[in-house]
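What follows is the structure, encoded as structure tokens:
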């Protein structure tokens, strides 16, 4: 039986299924020690923002109530997969294209895939928060880019300048041109109800995990 270990990395939730690659788990766990409160705070943060109040920073003595022995069975469910699709180790990331800590996680994902090209795959799932008004649109564009075989490139490019989304939700269209994508097709795909349904399915997976 493959053991599954859960990590909260930056603002993304990572599930690491690992039988013998303990080094990966140790690497992610070190980062997790400083960032493990974020997912726990998302619900209260969204509520406070909706009420018009400023979110309260987490107290230094707050500790996440995560059971390290709990086994999580999370289906890929049509989500984007980076790396070897037949890899024995699966890392699942939920991401928000306007969250700074998600942007910081991109380098870690790259490092893991580079170090373990045959043994690890990363499944990317979307979790656009309600107070990040352009995050869902960016997710739609990224999945539309996947239909043209350019998800990873779009994922990297959006996060590289993600702050531009705040004033221009169509910033990914500029990226699409530099990537040589069919921009008109990208627009049509981004508006496809199937793509929005995929994002909602991934969002609900996170809520119910």
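Numbering (this note's numbering), first residue to last: 906 to 1114.
Glycine is no exception: its CB is placed at the ideal position from the N, C-alpha and C atoms.
**Asked** Below 9 Å between beta carbons: does that hold for residue 1107 and residue 992?
**Response** In the chain shown, counting from the first residue as 1, residue 1107 sits at position 202. In the chain shown, counting from the first residue as 1, residue 992 sits at position 87. With a cutoff of 9 Å on beta-carbon distance, residue 1107 and residue 992 are scored as not near each other.
**Message:** Given this structure, state the Cα-to-Cα distance separating residue 1051 from residue 1080, to the nearest angstrom.
**Reply:** In the chain shown, counting from the first residue as 1, residue 1051 sits at position 146. In the chain shown, counting from the first residue as 1, residue 1080 sits at position 175. Spanning the two alpha carbons is a distance of roughly 13 Å.
**Request:** Report the residue from 1023, 1026 and 1092 whose alpha carbon sits nearest the alpha carbon of residue 1044.
**Result:** The count along the chain shown starts at 1 and reaches residue 1044 at position 139. Of the candidates 1023, 1026 and 1092, the one whose C-alpha sits nearest the C-alpha of residue 1044 is 1092.
**Request:** Sort 1088, 999 and 1114 by Cα distance to residue 1049 and report the nearest one.
**Result:** On the chain shown, position 144 is the one that residue 1049 refers to. The residue with the shortest Cα to Cα distance from residue 1049 is 1088.
**Message:** Beta-carbon within less than 7 Å of residue 1040's beta-carbon, same chain only, minus the 5 sequence neighbours each way: which residues are those?
**Reply:** Walking along the chain shown from the start, residue 1040 turns up at place 135. So the qualifying residues of the chain are 1001, 1002, 1003, 1033 and 1034.
**Request:** Tell me whether residue 1077 is buried or exposed, calling it buried when 16 or more other Cβ atoms sit within 10 Å of its Cβ.
**Result:** Sequence index remark: in the chain shown, residue 1077 carries index 172 (1-based). Its Cβ being crowded by 16 or more others within 10 Å, residue 1077 is buried.
**Message:** Am I right that residue 1057 and residue 1084 are in contact with their C-beta atoms under 8 Å? What's the rounded C-beta distance?
**Reply:** As a working mapping, residue 1057 is identified with position 152 in the chain shown. As a working mapping, residue 1084 is identified with position 179 in the chain shown. Wrong, their Cβ atoms sit about 10 Å apart, outside the cutoff.
**Item:** Cβ neighbour criterion (16 or more within 10 Å) applied to residue 1012
**Value:** Sequence index remark: in the chain shown, residue 1012 carries index 107 (1-based). It is exposed - the Cβ of residue 1012 has fewer than 16 other Cβ atoms within 10 Å.
**Request:** Could you check what DSSP says for residue 1074 in three-state terms: helix, strand or coil?
**Result:** On the chain shown, residue 1074 is found 169 positions in, with the first residue counted as 1. Three-state result, residue 1074: coil.
**Message:** Helix, strand or coil for residue 1086? Go by DSSP, reduced to three states.
**Reply:** To locate residue 1086, count along the chain shown from 1; it is residue 181. Three-state DSSP puts residue 1086 in coil, outside helix and strand.
**Asked** The beta strand (DSSP E) spanning residue 988 covers which residue range?
**Response** Locating residue 988 in the chain shown gives position 83, where the first residue counts as 1. Start and end: 985–988.
**Exposed unless 16 or more other CB atoms sit within 10 angstroms - verdict on residue 1031** = Here residue 1031 refers to the residue found at position 126 of the chain shown. Buried: at least 16 other Cβ atoms inside 10 Å.
**Item:** residue 1106 - DSSP class collapsed to helix/strand/coil
**Value:** Translated into the one-based positions of the chain shown, residue 1106 becomes position 201. Residue 1106 carries a helical assignment under DSSP once its states are collapsed to helix, strand and coil.
**Message:** Here's the rule I'm using: 16 or more other beta-carbon atoms within 10 Å means buried, otherwise exposed. How should residue 1019 be labelled?
**Reply:** Indexing the chain shown from 1 puts residue 1019 at position 114. Flag for residue 1019 reads exposed.
**Request:** Can you grab the Cα-Cα spacing for the pair residue 939 / residue 1047, in whole Å?
**Result:** Reading the chain shown from its first residue, position 34 is the one you call residue 939. Reading the chain shown from its first residue, position 142 is the one you call residue 1047. Reliability fails at residue 939, whose pLDDT of 46 lies under 50, so the model's placement of it is uncertain and the value that follows must be treated cautiously. Those two C-alpha atoms are separated by around 29 Å.
**Asked** What is the rounded straight-line gap between the Cα of residue 1075 and the Cα of residue 1008?
**Response** Here residue 1075 is taken as the residue at index 170 of the chain shown, counted from 1. Here residue 1008 is taken as the residue at index 103 of the chain shown, counted from 1. Those two C-alpha atoms are separated by around 18 Å.
**Message:** To the nearest angstrom, how far is the alpha carbon of residue 1095 from that of residue 984?
**Reply:** Translated into positions along the chain shown, residue 1095 becomes position 190. Translated into positions along the chain shown, residue 984 becomes position 79. Residue 1095 and residue 984: Cα-Cα distance of roughly 15 Å.
**Message:** Mapping the DSSP letters down to three states, classify residue 939 as helix, strand or coil.
**Reply:** Looking up residue 939 in the chain shown gives position 34. Its pLDDT being 46, under 50, residue 939 is placed unreliably by the model, and the measurement read from it follows with that caveat. Helix, per DSSP.
**Asked** Three-state secondary structure (DSSP) at residue 1020?
**Response** Working through the chain shown from its first residue, we reach residue 1020 at position 115. In this structure, residue 1020 counts as helix in the three-state DSSP scheme.
**Message:** Given this structure, state the Cα-to-Cα distance separating residue 1060 from residue 1006, to the nearest angstrom.
**Reply:** Position 155 of the chain shown, counted from the first residue, corresponds to residue 1060. Position 101 of the chain shown, counted from the first residue, corresponds to residue 1006. Cα to Cα, residue 1060 sits roughly 14 Å from residue 1006.
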